[in-house]
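The numbering of the sequence shown is this note's numbering, which starts it at 31 and goes up by one. Note that beta-carbon positions come from the ideal geometry of N, C-alpha and C, so glycine has one too. Heads up, the thing below is written out as structure tokens.
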Amino acid sequence: MWKKVIGFGFLGLVVFAVGILLGHFGITKNTSEPEWVGDVTQDIDESLIKEFIKEVDNKRIEDNLRELTKIPHMATSAGDKQLVKLMLDRWGDHKTGLDGVWTDTYKVFLSFPNKTKPNSAIVVSENNKILHTTQLKEKAYTKDQNDTDVVQPYAAFAPPGNPKGKLVYANQGKISDYEFLNKTINLKGTIAITRYGGAGRAEKAINGAMFGVIGVLVYTDPKDINDGKMSDINETYPHSWYLPPSGVERGSFKSTFGDLLTPYYPAKEHTYRRPESEIEGMASIPTQPIGFEDAYALICKLAGTETPADWQGSFNCSYKTGPGFSSDSTFNNSDVQVNVYNSYGIHDSDNVMGIIRGSVEPDRYVIYGNHRDSWVHGAIDPSSGTAVMLEITRILGKMVKEGKWRPRRSIIFGSWGAEEFGLVGSTEYTEEYYSKLRERTTAYINVDISVFANDTFRATGSPALQSVIFTAAKQVENPGSQTMSVYDNWMKHANRSSTLHGVIPNMGSFSGAGSDYASFVHYLGISSMDLAFTYDRTKTKARIYPAYHTAYDTFDYASKYIDPGFTSHQAVTRTAGNILLRLADSLILPFKASDYTESLEKYSSTALEVFGNKLAANGIKLDSIKEAVKQFKTASSKLEQEIQNVEKNIEKNSPLKIRMINDQLMLLERAFLDPVAFPDKTYFRHVIWAPKTSSVSTFPGLADAFAKADRSNVKSDWEQVKKHITIVTQAIEQAASILEAVI
31 MWKKVIGFGF LGLVVFAVGI LLGHFGITKN TSEPEWVGDV TQDIDESLIK
81 EFIKEVDNKR IEDNLRELTK IPHMATSAGD KQLVKLMLDR WGDHKTGLDG
131 VWTDTYKVFL SFPNKTKPNS AIVVSENNKI LHTTQLKEKA YTKDQNDTDV
181 VQPYAAFAPP GNPKGKLVYA NQGKISDYEF LNKTINLKGT IAITRYGGAG
231 RAEKAINGAM FGVIGVLVYT DPKDINDGKM SDINETYPHS WYLPPSGVER
281 GSFKSTFGDL LTPYYPAKEH TYRRPESEIE GMASIPTQPI GFEDAYALIC
331 KLAGTETPAD WQGSFNCSYK TGPGFSSDST FNNSDVQVNV YNSYGIHDSD
381 NVMGIIRGSV EPDRYVIYGN HRDSWVHGAI DPSSGTAVML EITRILGKMV
431 KEGKWRPRRS IIFGSWGAEE FGLVGSTEYT EEYYSKLRER TTAYINVDIS
481 VFANDTFRAT GSPALQSVIF TAAKQVENPG SQTMSVYDNW MKHANRSSTL
531 HGVIPNMGSF SGAGSDYASF VHYLGISSMD LAFTYDRTKT KARIYPAYHT
581 AYDTFDYASK YIDPGFTSHQ AVTRTAGNIL LRLADSLILP FKASDYTESL
631 EKYSSTALEV FGNKLAANGI KLDSIKEAVK QFKTASSKLE QEIQNVEKNI
681 EKNSPLKIRM INDQLMLLER AFLDPVAFPD KTYFRHVIWA PKTSSVSTFP
731 GLADAFAKAD RSNVKSDWEQ VKKHITIVTQ AIEQAASILE AVI
């Protein structure tokens with residue numbers, strides 16, 4: 031009996047124990063991590079990049095460009111408004127569109143010619159007989175040039191007037207050119223003819239006015255754009271990519287960017303506008319661009335002495351200075367009159383904006399932009415870039431709509447308005463959203479002219495972005511090759527020796543304001559880049575692609591002579607999109623601060639080498655800059671070591687630690703800003719990349735201050751050199767401090 035009781039008891043204990051074990055190990059417990067844990071540690075998906083690259087379709091890009099260039103679309107015109115609708119429709123498409131799309135409208139100060147009173151230059155004899163009139167429009171080779179909306183050649187922002195005087199040839203209209211002429215010629219009351227290049231458009235007139243010049247003509251010399259080619263019978267367009275004789279480069283003749291009446295504030299309805307009389311940086315005398323066919327007729331009849339060799343162009347005559355025409359020419363004793371009928375006004379200009387919202391860090395932005403407006407049809411400038419942007423947004427929008435992907439950070443796309451009038455749309459955008467963009471933007475990608483020609487890739491940008499550009503370029507096949515990457519071809523065409531990496535492709539730096547990156551890098555201090563395919567400079571001396579800003583920049587021109595097959599457009603799309611995905615999706619931002627160190631060291635050593643002896647003779651040292659660069663180098667090395675440690679053990683690091691590192695990388699570029707470093711240069715605050723007149727490749731403010739002091743040898747000018755040494759030192763120290771651990 032007891033044996034049975036004990037047996038049943040033991041059996042019960044066994045069953046109970048088994049039950050406990052089954053309960054412990056058999057019941058599913060809620061031990062899984064929250065879904066957001068996986069999201070915040072998600073890094074770039076390389077398979078997604080491969081899928082993106084595969085999806086890029088050169089035929090779709092070609093179709094985009096054909097659609098974008100059907101009609102002229104100068105800023106605020108009917109053609110521009112038509113493209114605004116196109117962008118809204120594409121980015122709002124229910125299958126391939128973005129999360130959101132809208133327009134930001136600004137009321138901006140622009141300049142247009144008189145449609146019924148064309149601008150011109152005329153040669154007027156002593157008895158007021160007109161002996162020559164410059165062409166009022168460019169010669170038509172295709173129906174594009176006959177479009178009624180083709181704007182006549184003019185210099186935007188040049189004031190109206192009809193000045194008349196003796197003609198002088200002033201080379202490129204630089205200060206030094208006018209100084210040279212002024213030694214032997216009284217320039218007061220003269221009309222100057224200048225060629226493009228050397229000085230900015232507006233400076234040609236601004237500089238001339240300082241010497242008494244009352245009107246300016248500007249032309250493109252075949253030497254600078256056509257490799258000397260001049261005949262449209264068999265040499266220039268439509269037979270090749272070269273500019274035909276009547277081609278005229280239009281442009282904005284102002285030296286500052288953004289809306290001229292509302293600097294530092296967005297041009298909204300309520301915004302205060304300064305009086306037009308207070309505007310600075312505009313051409314102050316009537317100015318008109320002309321074709322080289324007309325320039326040939328004027329320059330080859332000039333009197334005076336022969337110009338220096340570097341002033342000579344491709345015309346089959348000796349370029350002389352003037353003033354006036356030679357006694358044996360048909361223009362003897364004649365004057366030149368510049369007739370300008372431009373007018374100013376405030377017009378509504380739209381930015382079209384689109385967004386793909388980030389899933390993990392929606393308050394961190396990667397911005398991708400290009401302007402939409404052109405002077406005429408604008409196939410290359412800017413529609414080649416817009417065609418690329420539309421293909422990128424089509425692919426990414428489709429991925430989002432199909433639920434395949436959503437970026438870690440938000441991506442903002444900008445189709446800027448009125449860029450041709452001086453980067454107006456992008457500047458107004460950075461002014462309106464200044465605080466938000468300054469605090470939240472990680473990087474800006476600019477693809478304006480995506481293809482100048484189809485020889486090689488080129489990039490300009492912040493040194494910190496060099497590595498991500500290289501990574502992307504290595505993953506994209508060069509057009510026409512299955513064995514050579516975009517990176518390899520780039521290296522073949524333009525390379526340099528790096529102290530950190532050996533021989534690498536040569537990346538340009540932002541020394542001016544050539545496109546819409548200007549307000550992002552110079553004003554906001556956002557790490558930026560500008561990407562394109564371009565030509566082999568060993569094969570041509572062209573200053574830029576020859577049809578630039580003319581009525582010949584058409585789909586026909588682009589498809590025949592710039593990129594037949596649109597494979598270079600495709601390569602740019604793949605490279606730019608690759609970079610965009612890496613900036614938007616990488617767990618740790620793909621910036622390398624150490625690449626900035628190399629630029630700073632180079633600038634510092636150049637300053638010491640070129641300026642050192644004369645600075646020492648004036649009791650000035652560069653030691654503080656040298657020490658600041660060392661501090662930056664140490665800080666960047668420590669941060670990159672920390673990044674390597676974090677990358678080895680991602681799962682052991684707090685998302686806040688990664689966010690802290692990303693903020694240090696994002697804010698690096700901001701640290702180089704000094705709002706009072708260049709008081710005479712509106713929007714330019716970046717101490718490393720501001721424009722300069724000095725040819726010495728070093729810190730711009732220091733280079734210009736030294737050049738001025740060296741010329742004058744005045745104590746106050748040497749004091750300015752000391753000031754700029756402090757400005758540079760402070761900026762580099764601030765940048766180093768950003769990279770150091772927070773204490």
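Check                                                                                                                                              : Outcome
Can you give me the C-alpha to C-alpha distance between S727 and L630, rounded to a whole angstrom?                                                : 11 Å
Please report the residue range of the alpha helix (DSSP H) in which I755 lies.                                                                    : K745 to L769
Note down the Cα distance separating R103 from I74, rounded to an integer number of angstroms.                                                     : The amino acid at residue 103 is misidentified as Arg; the sequence shows His. Taking the straight line joining both Cα atoms gives about 38 Å.
Could you spell out where the beta strand (DSSP E) holding T564 opens and where it closes?                                                         : S558 to T564
In angstroms, rounded to a whole number, what distance separates the CA positions of K234 and T224?                                                : 7 Å
Taking C-beta to C-beta, are L610 and I315 nearer than 8 Å?                                                                                        : no
Taking 8 Å as the cut-off, decide whether the C-beta atoms of A448 and R488 are in contact.                                                        : no
What do you get for G491, buried or exposed, if any count of 16 or more other CB atoms within 10 angstroms of its CB means buried?                 : buried
Quick one: grab the DSSP three-state call for E265.                                                                                                : coil
Identify the continuous beta strand (DSSP E) that holds R225 and give its terminal residues.                                                       : I221 to R225
Inspect the beta-carbon positions of L332 and G311 and report whether they are closer than 8 Å.                                                    : no
Which word fits Q694, buried or exposed, when buried means at least 16 other C-beta atoms lie within 10 angstroms of its C-beta?                   : buried
Using a Cβ cut-off of 8 Å (strictly closer), state whether V676 contacts chain D.                                                                  : No chain D appears in this structure, which consists of one protein chain only.
Taking the DSSP output, what are the residues bridged to H300?                                                                                     : DSSP output for H300 lists no bridge partner at all.
Classify R394 as helix, strand or coil using the three-state DSSP reduction.                                                                       : strand
Taking the alpha-carbon positions, what's the D301 to T214 distance?                                                                               : A small correction: the amino acid at residue 301 is Thr; Asp does not occupy that position in the sequence shown. Rounded to whole angstroms, T301 to T214 spans 49 Å at the Cα level.
A185 and G109: beta carbons closer than 8 Å?                                                                                                       : no
According to DSSP, M312 sits in a beta bridge with which residue or residues?                                                                      : K284
If we count the other Cβ atoms within 10 Å of its Cβ and call it buried at 16 or more, is W405 buried or exposed?                                  : buried
Taking the C-alpha atoms as reference points, what is the distance between K115 and V382?                                                          : 9 Å
So, is W748 buried or exposed, given that buried needs 16 or more other C-beta atoms within 10 angstroms?                                          : buried
Distance, Cα to Cα, V180 vs T172?                                                                                                                  : 13 Å
Under a Cβ-count criterion, where at least 16 other Cβ atoms within 10 Å of its own Cβ denotes burial, should L89 be classed as buried or exposed? : First, the residue type needs correcting, since residue 89 is Lys and not Leu in the sequence shown. Per the 10 Å Cβ criterion, exposed.
For a test of the three-state rule: what should DSSP assign to A185, helix, strand or coil?                                                        : strand
On the CB-based measure, 16 or more other CB atoms within 10 Å of its CB, does T568 come out buried or exposed?                                    : exposed
May I ask you to report which of helix, strand or coil DSSP gives H54?                                                                             : Only weak support is given to the placement of H54: the predicted model assigns it a pLDDT of 49, under 50, and the value that follows is read from those uncertain coordinates. Note: H54 maps to helix in three-state DSSP.
Helix, strand or coil: how does DSSP classify V131 here?                                                                                           : strand
Residues in its own chain within less than 6 Å of Y326 by CB, not counting five upstream and five downstream?                                      : F345
Would you be able to state if there are at least three C-beta pairs under 8 Å between the stretch 266 to 274 and the stretch 424 to 439?           : no
Using the DSSP secondary-structure output, state which residues sit across from V366 in a beta bridge.                                             : V153 and G195
Under 6 Å Cβ to Cβ from M514, same chain only, skipping five residues before and after it: list those, please.                                     : N508
Which residue comes first and which comes last in the beta strand (DSSP E) that contains W520?                                                     : Per DSSP, W520 belongs to no beta strand (DSSP E); it is in the alpha helix (DSSP H), V516 to H523.
How many Å lie between F451 and A647 at the Cα?                                                                                                    : 46 Å
What residue range is occupied by the uninterrupted alpha helix (DSSP H) comprising L426?                                                          : S413 to K431
From C330 to G354, what does the alpha carbon distance come to, in whole angstroms?                                                                : 11 Å
Under the three-state reduction of DSSP, which class applies to F487: helix, strand or coil?                                                       : strand
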